[in-house]
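J.:
What follows is the structure, encoded as structure tokens:
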């Protein structure tokens, strides 16, 4: 049995059910998924400021996982808030949507593009954020481009048609203008919009939730955990006022 | 059901059984493993020359997989002979031991070392070969060092004790001198030597066979295949004399 | 008049006075320094976990600066907690100790080493953290090495002699073994230990507090602020529960 | 006397005469050129699959060179099939068209573009192949772009006019849009199409055959051979079934 | 008191007054600026050839600074002629316009573009020169693009309107097409053209003179000088005929 | 006939004869070599300051070559003083010892080391200079290390035995400690010291004079010249006072 806790790092439970359903569709038979959101923090993460405002609360939820009997944790956001801190704190696998999907994309082709989301006036900031993460993972050189559908996270569900059209349009430009050969959806809230791209453009489209799920299951299956030499356990006995 | 064909690209069946056993230990419940070696080619791959001498034969074995009803293929060698050609030829996932293990290592820490094998007088050549592969995958910058146990592949089994000691010694140096935080075993023939390193040195040790198995299962589970835009199908109707 | 707010992102006021004195020694005549610590968070930052636990509180303190009449903000920690979020939120210059000192070092020589601090069993983690930051600033290739004096932050003051000796010893190794030509002290708590290195080893030693101070004063003097295209203002009117 | 064997790694002798004529036009007075193709393998190399299918046979032809009295070998294809294996096997210089032309281009300007060939539906794959080779030579960062005339190798001769026009058109785009300052023809079969580009666009155009010829003559003249530490001799006495 | 000598490395005094005025506008209260040009050399620097023809004379002027009582030197040209030689020769801070402005830009955003000048038929050469300098400073990867207003240096003053329009036009393209978030003016002669870009495009515009001034003042204030290990003093007692 | 002018950029004729003899030993039958030194400038180049003091004079000598009937020019110093300026000024091939030897080394192995010379107290400066040049050629990543024999250029001849021993000692360390597979002699004055290394250490040793000679002959033979798009001709009609 592989028990996985999925922490959605936003103060809204609007995604929980659809995340659960998506994960259940792709999980191994012996995997058990539990999805929780955080009680405090922003309702969506669309800038580094939002990340900072969410990650302490996400971390607190992540930390409880071992005692709750989970074998692995997924931080359900492509900006991987608190991921490296969580890797330090825990001795079970912690994976993020961004890190998993970029690594998977790196194996399926030579050059991937990330299609991200967010307010139209923050497109450049969103792209910088994705590149910040790619820099830390040392994978930026495999990224052909970052493009945005320019829809705020909170509008993704109600703008499903526009979202799907723009994912297709930006993916087409990524392939034809930027020479991408693989597409990564850059937000955990982009649900059900991959099919047209993968069919009509004939490139793999990485759905970050599933990439993270399979990576987490794989790590549990292999008995592997993040390097504790790289992500050493935070010193105990230290005053941390909260 | 996930049917996976494992092609051991050497003209010896000496590894088939232990590879099968190892894979069976780690596979998902619904995975079926079949291991075959190639009829022609070198008995082991210890230089680029050997790779060239093996990869056409490996490719011929790989090509048959779809018709044989397999859903995925693993090329069982850390030098990934014929991998990119196979990705072109097939429309089902093809994964290599090297590519899978380097990407996995890239996620578990910040800087991995590869412990490879081969004749003592070819250590520098082995290290260059590993770096050649890392260059193509654009992951060389995440590699702290390549070190060798300096034992020829054909002697790995009979020198098990020496092999284990040297894996431990070289891993220690990789961690302490080269600042590695993750160890990748660099040959599919290094079996049963990971435990002491992972226990005593407290770093993840990637066994390439298992990394490739989990990656192959994951791709089948996700319904993903290598980018055909990157790895386009070889033109048909062309004269290829063999 | 250049009014600068220095936010020490730890829940202890033990550093405030010495930081104030140091800054006052080096500031321009028309600069006014105010130093504050944060009310909550860890007492020192020695891992990414600590950073996450501090940066929301640091950000809250930083955010108040414009209304308080400040022209610039310094986040007083070499790990620059919350720096990029603060750059988004504010329209006045925000600088970090790490970012300022790495850029300054990049100009003074060809290859700098960072001498950091922290618990002896977390040396590898400290070095990874520094490298994480250098990666985001895209300056890692100019870093010859990261070395640690292996003294926890809270012991720096009482272990001043040992600290100074080890800074000298590690700087010597950085220069002789790693070919560094410039030394960056990697923690804002390393006070009064630079002189012997710069005198005896004849290389520049960057004291991060002073690097940040001069950068902040320069930006105010030039009328420049971080690119708001890169660091766009967080969307208003969004629910952020705290 | 410098005796050079030119191995055309395709199972067709259609190129032998024109290659011989071209080489004879540019060779030193004391150089003797012999051109041979391979008996088996594909008739042209337009994907990695073709490379694999050719390189064992190419290698077998290359291997005979020392006994035949040659002082150097040129593998006549820009994808350099079997080059690194041949460098291992032989103790005389072996050069490839791709490696020679990319290095030469690297010296003549700051940023070169490669104009390659192949079926129109495999353009992205051709470009990836060129980049794969550039990655192994660690020269990809000097490449402004890879562009294709989208003509299959077997049609190059009969489509000479279209070929020349497209070489000119793609070179123009490479210079104006991609900021290339040097053009490398990316296939040994692109014969007689360089002149218009070099005259009208005023940039050097590297004809790979000639780059390889001059590099091979130079190495023979200098008494240098590929590093045997890097390309160690394959272990003898090993079973290699063919 | 911070006494700074500004060496304009051209054989014309046409810039001296406006440079002096600009510097005086931004200098600290206790800074004293003296501007001199060189007696020999080209009237403007628009290619590497010009740089070579200027830098010996610039260096001779720079060398006199310590004896003249200066505490720091600014070489007033974005191509930083003789900068590294001057850093060797002197034991007081020497800064260049290019190096200072590229480092400052690196801190204010993620990706800067340089807008340079020069004859219309030498645009590609100008861009290569800027990239040459960025390569030496190991900052080229942070440069989104180099663009030119295509106006010769000697015409900058009389073509002020055209200059300003083109700076705006090229900056717009840099931001929209090349994803730059920060603009660096690439010539010390581009005076008074920054305002419209910074206002209308909402990105920082680095005026190199001011970047260099603040860097020079900062170094003097910090008591720091370029690493003499990196820039060792030229051996004395050597014959150097002039 | 290939007439090549070799400009030794030092104000001493002590090297002219031995350079001529060495070149004559390796040149093609139809090559004619003329060696000249410069009338002014330093007697040897051991820092960037010396380079600046030499390159204007070197350039003046180089410039005369076309009118003197030469087909190519070699700037005889591994620091390539004035090379890029000369490439701009001339329309015949100009090659430098450094650029040629680094590119050749890049082809013969995977990772080369440079063994340089100079005063013992300037070793770090020499190594930085070599790296500066490698950065401009964008080949630094292929350099395993730069090491020095720590002998001033003017003493090379009289310290021949010590020089040879140290070349051997440093080359051994480069291979064993730094993983170099190819050695580049880093100064045109290192004559007759390559043989022991190439014989006993079994790696190629690049003698820069011969690398440059063969590159220059090759370019003349191919009818190629440096890209004038990259190295545009300096504007005429400009005041350049000398």
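Protein chains in written order, with this note's numbering: chain A, 784 to 1025; chain B, 784 to 1025; chain C, 784 to 1025; chain D, 784 to 1025; chain E, 784 to 1025; chain F, 784 to 1025.
We put the beta carbon where it would ideally sit given N, CA and C, even for glycine.
Predicted model, so just to flag it, every value in this text is computed and none were measured.
1) Select from C:977, C:935, C:812 the residue whose C-alpha is nearest the C-alpha of residue 1007 of chain E.
2) When you compare the CB of residue 930 of chain E with every CB in chain D, is at least one pair closer than 8 angstroms?
3) Run through DSSP, which three-state label would residue 1001 of chain E get?
4) Are the C-beta of residue 893 of chain F and some C-beta of chain B separated by less than 8 angstroms?
5) Please confirm whether residue 914 of chain A has its beta-carbon closer than 8 angstroms to some beta-carbon of chain E.
6) With 7 angstroms as the limit, tell me which residues of the stretch 918-946 of chain D have their beta carbon closer than that to any beta carbon of chain E; keep them in chain order.
7) Going along chain E in order, which residues have a C-beta closer than 8 angstroms to the C-beta of residue 907 of chain A?
8) Rounded to whole angstroms, what is the Cα-Cα separation between residue 956 of chain C and residue 940 of chain B?
9) Applying the criterion that 16 or more other CB atoms from any shown protein chain within 10 Å of the CB defines a buried residue, is residue 992 of chain A buried or exposed?
10) Per DSSP, what kind of secondary structure is residue 958 of chain A in: helix, strand or coil?
11) Select from the stretch 853-885 of chain C all residues with a C-beta closer than 8 angstroms to any C-beta belonging to chain B, and list them in chain order.
12) If the criterion is Cβ atoms closer than 8 angstroms, does the pair residue 954 of chain E and residue 913 of chain E meet it?
13) Give the secondary structure of residue 828 of chain D by DSSP, where H, G and I count as helix, E and B as strand, and everything else as coil.
14) Is residue 1012 of chain F close to chain D? Criterion is C-beta to C-beta, closer than 8 angstroms.
15) Report all residues from its chain with a CB closer than 7 angstroms to the CB of residue 908 of chain D; omit the five preceding and five following residues, and keep chain order.
16) Just the C-alpha distance for residue 880 of chain F and residue 840 of chain E, rounded to the nearest angstrom, thanks.
17) Pull out every residue of the stretch 975-994 of chain F whose Cβ sits closer than 9 angstroms to any Cβ of chain D, in chain order.
18) Residue 819 of chain B to residue 792 of chain B, Cα distance in whole Å?
19) With a threshold of 8 angstroms between beta carbons, is residue 997 of chain A in contact with chain B?
20) What residues in the stretch 808-835 of chain B have a beta carbon less than 8 angstroms from any beta carbon of chain A?
21) So is residue 1015 of chain A in contact with chain C if we call contact Cβ pairs under 8 angstroms?
22) If you draw a straight line from the alpha carbon of residue 1017 of chain B to that of residue 890 of chain F, how long is it in whole angstroms?
23) Would residue 965 of chain A be called buried (16 or more neighbouring beta carbons within 10 Å of its own) or exposed?
24) May I have a chain-ordered list of the beta strand (DSSP E) segments no shorter than 3 residues that lie completely inside the stretch 853-877 of chain D?
25) Could you give the residue range of the alpha helix (DSSP H) that holds residue 908 of chain B?
26) I need the boundaries of the alpha helix (DSSP H) containing residue 888 of chain C, first residue and last residue.
27) Tell me whether the beta-carbon of residue 904 of chain E lies closer than 8 angstroms to the beta-carbon of residue 1015 of chain F.
28) Please state whether DSSP places residue 992 of chain D in a helix, a strand or coil.
29) Could you tell me the boundaries of the alpha helix (DSSP H) in which residue 801 of chain E lies?
30) For residue 927 of chain F, collect the residues of the same chain with a Cβ closer than 7 angstroms to its Cβ; drop the 5 residues on either side in sequence, then sort them by chain order.
31) So if DSSP puts residue 968 of chain F in a beta bridge, which residue, or which two residues, is it bridged to?
32) Given this structure, state the Cα-to-Cα distance separating residue 951 of chain A from residue 923 of chain D, to the nearest angstrom.
33) So, with DSSP's three-state summary, where would you put residue 842 of chain B?
34) Hey, out of D:871, D:892, D:837, D:936, whose CA is closest to residue 1013 of chain D's CA?
35) Taking only three categories from DSSP, how would you classify residue 794 of chain A?
36) Does any CB atom of chain C fall closer than 8 angstroms to the CB of residue 844 of chain A?
T.: Reading off the structure:
1) Start at 1 with the first residue of the fifth chain, and residue 1007 of chain E comes out as number 224. Among C:977, C:935, C:812, the Cα nearest to that of residue 1007 of chain E belongs to C:977.
2) The residue given as residue 930 of chain E occupies position 147 in the fifth chain. No, residue 930 of chain E does not count as interfacial toward chain D.
3) In the fifth chain, residue 1001 of chain E corresponds to position 218, counting from 1. In this structure, residue 1001 of chain E counts as helix in the three-state DSSP scheme.
4) For the purposes of this step, residue 893 of chain F is taken as the residue at position 110 of the sixth chain. With 8 angstroms as the cut-off, residue 893 of chain F counts as an interface residue toward chain B.
5) Position 131 of the first chain, counted from the first residue, corresponds to residue 914 of chain A. Yes, residue 914 of chain A lies at the interface with chain E (some Cβ there is under 8 angstroms from its Cβ).
6) none
7) As a first step, residue 907 of chain A is located in the first chain; it is residue number 124 there, counting from the start. Residues of chain E passing the Cβ test: 962, 964.
8) Translated into positions along the third chain, residue 956 of chain C becomes position 173. Translated into positions along the second chain, residue 940 of chain B becomes position 157. Approximately 42 angstroms between the Cα atoms of the pair.
9) Position 209 of the first chain holds residue 992 of chain A. Buried.
10) Residue 958 of chain A sits at position 175 when you count from the first residue of the first chain. If DSSP states are grouped into helix, strand and coil, residue 958 of chain A belongs with the helices.
11) none
12) The sequence position of residue 954 of chain E within the fifth chain is 171, counting from 1. The sequence position of residue 913 of chain E within the fifth chain is 130, counting from 1. In this structure, residue 913 of chain E does not lie closer than 8 angstroms to residue 954 of chain E by Cβ.
13) Indexing the fourth chain from 1 puts residue 828 of chain D at position 45. Three-state result, residue 828 of chain D: coil.
14) Along the sixth chain, read from residue 1 onward, the residue named residue 1012 of chain F stands at position 229. At least one chain D Cβ lies under 8 angstroms of residue 1012 of chain F.
15) Numbered from its first residue, the fourth chain carries residue 908 of chain D at position 125. Here the set comprises 830.
16) Here the question's residue 880 of chain F lines up with position 97 in the sixth chain. Here the question's residue 840 of chain E lines up with position 57 in the fifth chain. Distance between the alpha carbons of residue 880 of chain F and residue 840 of chain E: 26 angstroms.
17) 981, 984, 985, 986, 987, 988, 989, 990, 993, 994
18) Here residue 819 of chain B is taken as the residue at index 36 of the second chain, counted from 1. Here residue 792 of chain B is taken as the residue at index 9 of the second chain, counted from 1. Cα to Cα, the separation comes out at about 9 angstroms.
19) Residue 997 of chain A sits at position 214 when you count from the first residue of the first chain. Taking Cβ atoms only, chain B reaches closer than 8 angstroms to residue 997 of chain A, which makes this a yes.
20) 809, 811, 812, 813
21) Translated into the one-based positions of the first chain, residue 1015 of chain A becomes position 232. Chain C, which has a Cβ nearer than 8 angstroms to the Cβ of residue 1015 of chain A, makes this yes.
22) Taking the second chain and counting its residues from 1, one reaches residue 1017 of chain B at position 234. Taking the sixth chain and counting its residues from 1, one reaches residue 890 of chain F at position 107. If I take the Cα positions, the gap works out to 30 angstroms.
23) In the first chain, the residue the question calls residue 965 of chain A occupies position 182. With 16 or more Cβ atoms within 10 Å of its Cβ, residue 965 of chain A is classed as buried.
24) At a cut-off of 3 residues, the continuous stretches assigned as beta strand (DSSP E) that sit fully inside the stretch 853-877 of chain D are 855-858.
25) Residue numbering aside, residue 908 of chain B sits at position 125 when the second chain is read from its first letter. 906-919 is the extent of the alpha helix (DSSP H) around residue 908 of chain B.
26) As a working note, residue 888 of chain C is residue 105 in the third chain. Unbroken alpha helix (DSSP H) run through residue 888 of chain C: 880-891.
27) Here residue 904 of chain E refers to the residue found at position 121 when the fifth chain is read from its first residue. Here residue 1015 of chain F refers to the residue found at position 232 when the sixth chain is read from its first residue. Going by beta carbons, residue 904 of chain E and residue 1015 of chain F fall inside the 8 angstroms limit.
28) As a first step, residue 992 of chain D must be located in the fourth chain, where it is residue number 209. If DSSP states are grouped into helix, strand and coil, residue 992 of chain D belongs with the helices.
29) Indexing the fifth chain from 1 puts residue 801 of chain E at position 18. 799-809 is the span of the alpha helix (DSSP H), which, as asked, contains residue 801 of chain E.
30) Residue numbering aside, residue 927 of chain F sits at position 144 when the sixth chain is read from its first letter. If we look at residue 927 of chain F and ignore the five residues flanking it on each side, its Cβ neighbours are 894, 895, 896, 957, 961, 962, 963.
31) Here the question's residue 968 of chain F lines up with position 185 in the sixth chain. Its beta-bridge partners are F:898.
32) On the first chain, residue 951 of chain A is found 168 positions in, with the first residue counted as 1. On the fourth chain, residue 923 of chain D is found 140 positions in, with the first residue counted as 1. Residue 951 of chain A and residue 923 of chain D: Cα-Cα distance of roughly 30 angstroms.
33) Within the second chain, the letter at position 59 stands for residue 842 of chain B. Here residue 842 of chain B sits in helix by DSSP.
34) Taking the fourth chain and counting its residues from 1, one reaches residue 1013 of chain D at position 230. Among D:871, D:892, D:837, D:936, the Cα nearest to that of residue 1013 of chain D belongs to D:871.
35) Working through the first chain from its first residue, we reach residue 794 of chain A at position 11. If DSSP states are grouped into helix, strand and coil, residue 794 of chain A belongs with coil.
36) In the first chain, residue 844 of chain A corresponds to position 61, counting from 1. So no, residue 844 of chain A is outside the interface.
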